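Let me begin by presenting the structure, written as structure tokens, before commenting on it.
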Amino acid sequence: NRQILLVDKPAGKLGPEHFDMRNGTIPQPRDGEALLKVRYISLDAANRAWMHGATYRAAVEANTVMAGGGIAEVISSKSPGLAEGDIVFGDTGWQEYAAVPAKHLSKMPKIEPMTYLLSVYGIAGLTAYFGLLDVGKPKVGETVVVSAAAGSVGSIVGQIARIKGCKVVGIAGGKDKCHWLTSELGFDAAVDYKDGAVFKALKAAAPNGIDVYFDNVGGDIFEACLAQMNNNGRIACCGAISQYDGAPSATGPRGVPGLIVVKRLTVQGFIVMDYMERRNEALRDLQSWVASGALKVQEDIISGLENTPQALIGLLAGENRGKRMVKV
Ligand code: NDP
Numbered sequence: 006n007r008q009i010l011l012v013d014k015p016a017g018k019l020g021p022e023h024f025d026m027r028n029g030t031i032p033q034p035r036d037g038e039a040l041l042k043v044r045y046i047s048l049d050a051a052n053r054a055w056m057h058g059a060t061y062r063a064a065v066e067a068n069t070v071m072a073g074g075g076i077a078e079v080i081s082s083k084s085p086g087l088a089e090g091d092i093v094f095g096d097t098g099w100q101e102y103a104a105v106p107a108k109h110l111s112k113m114p115k116i117e118p119m120t121y122l123l124s125v126y127g128i129a130g131l132t133a134y135f136g137l138l139d140v141g142k143p144k145v146g147e148t149v150v151v152s153a154a155a156g157s158v159g160s161i162v163g164q165i166a167r168i169k170g171c172k173v174v175g176i177a178g179g180k181d182k183c184h185w186l187t188s189e190l191g192f193d194a195a196v197d198y199k200d201g202a203v204f205k206a207l208k209a210a211a212p213n214g215i216d217v218y219f220d221n222v223g224g225d226i227f228e229a230c231l232a233q234m235n236n237n238g239r240i241a242c243c244g245a246i247s248q249y250d251g252a253p254s255a256t257g258p259r260g261v262p263g264l265i266v267v268k269r270l271t272v273q274g275f276i277v278m279d280y281m282e283r284r285n286e287a288l289r290d291l292q293s294w295v296a297s298g299a300l301k302v303q304e305d306i307i308s309g310l311e312n313t314p315q316a317l318i319g320l321l322a323g324e325n326r327g328k329r330m331v332k333v
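Going by full-length UniProt numbering, 172 is the number at position 167 of the sequence shown; the sequence numbering is gapless.
Shown next as structure tokens:
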């Protein structure tokens, strides 16, 4: 049972030296548990945030198998709800085999490709769907801006906003990603934040101001969007990846709370887990958009458990396009 341990919690940037690989034993499932063979591990910006301390989940600790979501096959079960051959989603950790309490696993439908259970029909798709529609509440004709727009959540947010009849602007790192957003995913405009002058480029891309900002990054980009929000706009706070990898910036975004007051903004954070009871509602829409071709699914699949640390380091550096995962 090859396992990747977090051997040291990073104070600055995450590097390969913070991980180690070992050969452990294949666990025996106890009553109420299932033994899983992990098929795909989800790489998430949040994996890095968990190293800072407790969030919506407990912090990950040094010298333990690195935590992480995954899609797995049940090999044997000591729980009446699960049987050999079932496909489940849960916190499998970065390893080949895991014994996990069935109450912490979600049984998944058997679909092809299985990877869609981590991308469009997984956390990424549900986060985009509920964060945009329930928190952002976009109306036809409004301008929606999304950051980390070429990533797993962002690329779906922008496409849903377009489907809902909004004008869509993506913020992403690099010319190639920006070109991909407008030429392949139907974004109306894209801003390359690595090209500098985000405020000015955003003004040109969204000349009527911003009605909904879906924030994946926080920091300076949040500040640039905040200043360009229209009255009664909505900011859906999904995450703050610019603050995850290393020390947080010395200054916070300016204009808080002043601009929030003056512009009568609604700024709302959300966690996708709180929407799980409404999962089927989202899946119905996502499935029909994928079937009609209105929603394109972009996945970035890396092979080999041993490459998982580098896959996370690369995600934080913006290597990925769409949903990054590791095929174990
Ligand atoms: P992504 O697939 O979006 O990958 C992360 C992307 O972030 C990178 O590709 C990179 O693209 C961009 N990025 C990295 N550093 C910076 C920076 N300093 N400034 C701007 N952009 C940066 O990852 P996830 O889908 O895992 O996560 C996206 C966001 O969604 C995160 O904030 C995450 O925490 C959040 N999330 C929240 C959930 C919730 O329930 N609230 C659930 C799931 C995710 P680029 O090349 O453009 O820099």
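Ideal Cβ placement from N, Cα and C applies to all residues, glycine included.
If you're wondering where the values come from, they're calculated on a predicted model, not measured in any experiment.
| Check | Outcome |
| --- | --- |
| When the Cα of residue 336 is compared with those of N213, A155, F204, I215, which residue comes out closest? | In the structure as shown, the chain begins at 6 and stops at 333. Residue 336 is therefore absent and cannot be evaluated. |
| Report yes if the CB atom of L270 is closer than 8 Å to the CB atom of G238, and no otherwise. | yes |
| Is L320 near the ligand NDP, with its Cβ less than 7 Å from a heavy atom? | yes |
| Strictly by DSSP, which residues pair up with F24? | L11 |
| Report the residue from N213, L310, R329 whose alpha carbon sits nearest the alpha carbon of M71. | L310 |
| Please state whether DSSP places E78 in a helix, a strand or coil. | strand |
| Cβ atoms of L40 and I80: under 8 Å apart, would you say? | yes |
| DSSP three-state call for V125: helix, strand or coil? | coil |
| Quick check: the Cα distance between Q233 and L11, rounded to an integer number of angstroms? | 41 Å |
| Which of the three DSSP states, helix, strand or coil, is assigned to P212? | coil |
| With hydrogens ignored, establish whether the beta-carbon of Y198 is closer than 7 Å to any heavy atom of the ligand NDP. | yes |
| Can you give me the C-alpha to C-alpha distance between A322 and K182, rounded to a whole angstrom? | 13 Å |
| Run the proximity test for V222: is its beta-carbon closer than 7 Å to any non-hydrogen atom belonging to the ligand NDP? | yes |
| What distance in whole Å lies between the Cβ atoms of V277 and V125, which are believed to be in contact at a cut-off of 8 Å? | Not really, about 14 Å apart at Cβ, beyond 8 Å. |
| Closer than 7 Å to a non-hydrogen atom of the ligand NDP - does that hold for the CB of T132? | yes |
| Here's the rule: buried if 16 or more other CB atoms are within 10 angstroms of the residue's CB, otherwise exposed. What is Q8? | buried |
| The ligand NDP heavy atoms versus the CB of F275: any closer than 7 Å? | yes |
| Going by beta carbon distance, what residues of the same chain come within less than 8 Å of V196, once the five residues before and after it are set aside? | V174, G175, I176, A177, C183, V203, A206, L207, A210 |
| Once DSSP output is grouped into helix, strand and coil, what is the label at S254? | coil |
| Do A59 and Y249 have their C-beta atoms closer together than 8 Å? | no |
| Would you kindly report the start and end of the unbroken beta strand (DSSP E) that includes F94? | 92-96 |
| Which class does A195 belong to by DSSP, given the choice of helix, strand or coil? | strand |
| Below 7 Å, is the gap between the Cβ of residue 340 and the nearest heavy atom of the ligand NDP? | Here the chain covers residues 6 to 333 and nothing more, so residue 340 does not appear. |
| Within a Cβ cutoff of 8 Å, which residues of the same chain sit near F275, ignoring the five residues on either side of it in sequence? | F135, G136, D139, V140, A241, C242, C243 |
| Hey, is V158 close to the ligand NDP, as in C-beta under 7 Å from one of its heavy atoms? | yes |
| With 16 other CB atoms within 10 Å as the buried threshold, where does K199 fall? | exposed |
| Mind checking which residues open and close the alpha helix (DSSP H) that includes E286? | 284-297 |
| Use the C-beta contact count for H23: other C-beta atoms within 10 angstroms, 16 or more gives buried, fewer gives exposed. | buried |
| Who are the Cβ neighbours of I307 in its own chain at under 6 Å, not counting the five residues just before and after it? | A316, V331 |
| Identify the continuous beta strand (DSSP E) that holds T120 and give its terminal residues. | That residue, T120, is in no beta strand (DSSP E); it is neither H nor E in DSSP. |
| Taking the straight line between their C-alpha atoms, what separation do you get for G127 and I215? | 28 Å |
| In chain order, what residues of the same chain have a beta carbon less than 7 Å from the beta carbon of D305, not counting five sequence neighbours either side? | N325, R326, G327, K328, R329 |
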